[in-house]
Amino acid sequence: MSHQAKSVLESDSALLKIYKRFPVEFAYGNGVYLYDKNGEEYLDFLSGIAVTGFGHSHPVIKKAVDEQLNSLWHVSNLFESTAQQILADKLAEVSGLDKVFFSNSGTEANEAAIKFARKFGGEKSTIITALGGFHGRTMGSLSASGQVKLWNGFRPLTPGFKYVPFNDTHAIIHSITDDVCAVMLEPIQGEGGIVIPSPNYLKEVGAICKENNLLLILDEVQTGMGRTGKFFAHQWFDVQPDIITLAKGIANGLPLGVTIMSSNVADKINPGDHGSTFGGNPVSIAAANAVVNLLTDEILTNISNSGKVLINELKKLNSPLIIEIRGLGLMIGIEFDEKLLNSSIVEALLNKKIITYTAGRNTLRLLPPYIITKNHITQLIQTFKNILNDLHLE
Ligand SMILES: Cc1ncc(COP(=O)(O)O)c(C=O)c1O
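Each residue of the sequence shown is one higher than the one before, counting from 88 in our numbering.
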């Protein structure tokens, strides 16, 4: 086997086999389309798992990144950064919070949130999180994620987490003891299967936190940055968190994690308490400032409307194999009957050149770019309909 051929077969290469990869390699992207090495066009209904919300090679983001690459890549956080300040000010303004810390990923944004909550808590260090939740793969965030299957092989977990069923306020109330400092939740569970809580859940959790002097940490790594049709998903639910974490969509594909907090949390943090070499890298920050400027009310309305059209069209399919269609904005899950495996639909759609992915509870996950149009929705629906019709399940 030639060296070149060997490099495309992961099983034969030195690359750690830790992802199940589809046998497709993309060469470039443009808008809502990706192109493989043979020039075959794929419709992107995944956005790199809720990352490239503005599609591929967006001219405004590309220009900002190009300009930054031509001037400065890295200087460390030992020096002033006006671009970081501009982004922080904007995120503080939209969130109603006060201070912002930059890192590189979702899991790091959550690690910072956990540390800051514990600093705020003083003697109180326990954080209540939800079963089925996902907050990342590093030990703190992994321990916060209420999914046994993610823990197996990696124990001992970081102590100081209590797990309660999602969408159950009584379970939170019953778990509050003297050592609890915070409740940490995703507004909508993403990896868990696009699980949307009842309309009053987050508002009630916010009230419970206030009453008990607990911080409410909302992990908006997947739901934030416009994904649900509002800047932050929690804005649909009339709740004010004390800490918000972001990553994924914020820099349209470049690595950036964000932890936004209220001043009472920030006041407890001193220089040297936490940090990151790469966090808030100038190139990622340039992309993020461009993304934030693009995330106008108009695009948020478009996300909301496109999501409604997509859900409506999916419902019209009226398939007995579909148990439930859940979604908000362009974060949509289609849960199948047990006769049909979600991964088989992901593969069938990929064969038809449409990119989607799975989530928990036998769910197909759709996270298309914010810039999709009715035509793209029609293409997905028609293809999905044909696949369902071609299934011969007894
Ligand atoms: C809600 C949520 N939090 C945290 C993470 C972890 O983000 P990252 O993979 O950037 O560490 C994810 C990733 O899927 C996520 O969906």
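Positions of the beta carbon are idealized from the N, C-alpha and C atoms, including for glycine.
Rounded separation between residue i and residue j - CA only
i	j	result
Ile-390	Gly-313	8 Å
Tyr-250	Ser-228	13 Å
Ser-192	Glu-400	34 Å
Ala-373	Asn-197	22 Å
His-463	Phe-471	12 Å
Glu-128	Leu-382	27 Å
Phe-113	His-143	12 Å
Tyr-106	Glu-298	43 Å
Lys-461	Leu-387	16 Å
Ala-435	Pro-286	34 Å
Tyr-288	Asn-300	18 Å
Asn-473	Asp-131	18 Å
Ala-511	Thr-315	The chain is shown only over 88 to 481; residue 511 falls outside these bounds and no answer can be derived.
Thr-256	Ile-263	11 Å
Ile-260	Met-348	23 Å
Ile-173	Ala-217	33 Å
Lys-236	Ser-158	45 Å
Ser-94	Asp-123	Low local confidence applies: a pLDDT of 47 at Ser-94 is under 50, so the model's placement there is unreliable, with the coordinate-based value given in what follows. In a straight line, the C-alpha of Ser-94 is about 16 Å away from that of Asp-123.
Thr-465	Ile-201	43 Å
Gln-91	Asp-99	Caution applies to Gln-91, whose pLDDT of 44 falls short of 50 and renders its modelled position unreliable; the value that the coordinates give is listed next. Spanning the two alpha carbons is a distance of roughly 11 Å.
Met-88	Glu-411	Low confidence applies to Met-88: its pLDDT is 37, below 50, so where it sits in the model is not reliable enough to give any reading.
Leu-427	Leu-408	7 Å
Ligand 1 heavy atom lying under 6 Å from the CB of residue i
i	result
Thr-30	The structure shown does not extend to residue 30, since the chain spans only 88 to 481, so no value can be given for it.
Ser-391	no
Val-352	no
Gln-155	no
Thr-194	yes
Gln-308	Before going on, a small fix: residue 308 reads as Val here, not Gln. Checking every heavy atom of ligand 1 against the Cβ of Val-308, one is found closer than 6 Å.
Ala-334	yes
Gly-223	yes
Glu-278	yes
Glu-273	yes
8 Å contact criterion, which residue i and residue j should meet: CB distance rounded
i	j	result
Ala-269	Ile-331	Not a contact, Cβ separation roughly 13 Å.
Ile-281	Gly-420	3 Å
Gln-171	Phe-189	6 Å
Phe-318	Val-181	5 Å
Glu-307	Pro-284	Wrong, their Cβ atoms sit about 14 Å apart, outside the cutoff.
Gln-309	Ala-137	5 Å
Glu-422	Arg-448	6 Å
Own chain partners of residue i with C-beta closer than 7 Å, once the 5 adjacent residues on each side are dropped
i	result
Ala-377	Val-147, Ile-148 and Ala-151
His-161	Asn-368 and Pro-369
Asn-117	His-143 and Ser-144
Gly-416	Arg-314, Thr-315, Gly-316, Ile-390, Ser-391 and Gly-394
Ser-371	Ala-338, Leu-341, Pro-342 and Leu-343
Leu-184	Ile-331, Ile-347, Met-348 and Ser-349
Ala-258	Val-251 and Pro-252
Leu-305	Leu-272, Pro-274, His-321, Pro-328 and Ile-331
Same chain only: Cβ atoms within 6 Å of residue i, ignoring 5 sequence neighbours per side
i	result
Asn-476	none
Leu-303	Val-270, Gly-293, Cys-296, Pro-328 and Asp-329
Gly-339	According to the sequence provided, residue 339 is Asn. The question's Gly does not apply to it. Closer than 6 Å at the Cβ level, and outside the excluded window around Asn-339, lie Thr-139, Phe-141, Ile-148, Ala-374 and Val-378.
Ser-406	Leu-475
Gly-311	Phe-319 and Leu-333
Residue nearest to residue i in terms of C-alpha spacing, selected from the options
i	options	result
Phe-248	Lys-211, Asp-255 and Lys-426	Lys-211
Asn-438	Phe-109, Gly-118, Phe-319 and Gly-420	Phe-109
Lys-206	Gln-309, Ala-353 and Ile-347	Ala-353
Lys-335	Ala-200, Thr-450 and Thr-194	Thr-194
Val-345	Glu-385, Leu-428 and Ser-363	Ser-363
Leu-156	Leu-341, Gly-394, Tyr-444 and Tyr-115	Leu-341
Ala-175	Tyr-444, Leu-343, Asn-449 and Ala-446	Leu-343
Leu-451	Lys-440, Tyr-457 and Ser-431	Ser-431
Lys-440	Ser-232, Leu-467 and Ala-446	Leu-467
Leu-453	Leu-480, Asp-424, Ser-393 and Ser-406	Ser-393
Leu-253	Leu-184, Lys-202, Ser-232 and Glu-411	Correcting the residue identity first, residue 253 is Phe in this sequence and not Leu. Residue Ser-232 is the option with its Cα nearest to Phe-253.
Trp-323	Thr-169, Gly-414 and Thr-465	Gly-414
Asp-265	Tyr-122, Arg-242 and Gly-209	Gly-209
Leu-165	Pro-358, Leu-404, Tyr-115 and Glu-385	Pro-358
Phe-365	Leu-121, Leu-103, Ser-163 and Tyr-457	Ser-163
Glu-291	Glu-278, His-321 and Val-267	His-321
Cβ neighbours of residue i in the same chain (closer than 8 Å, five flanking residues each side left out)
i	result
Ala-199	Phe-188, Ser-190, Thr-332, Gly-344, Thr-346 and His-361
Leu-133	Ile-442, Thr-443, Tyr-444, Arg-452, Leu-453, Leu-454 and Pro-455
Val-433	Thr-443, Tyr-444, Thr-445 and Leu-451
beta-carbon residue i near ligand 3 non-hydrogen atom, thresh 6 Å
i	result
Glu-385	Ligand 3 is absent from the structure shown, which contains only ligand 1.
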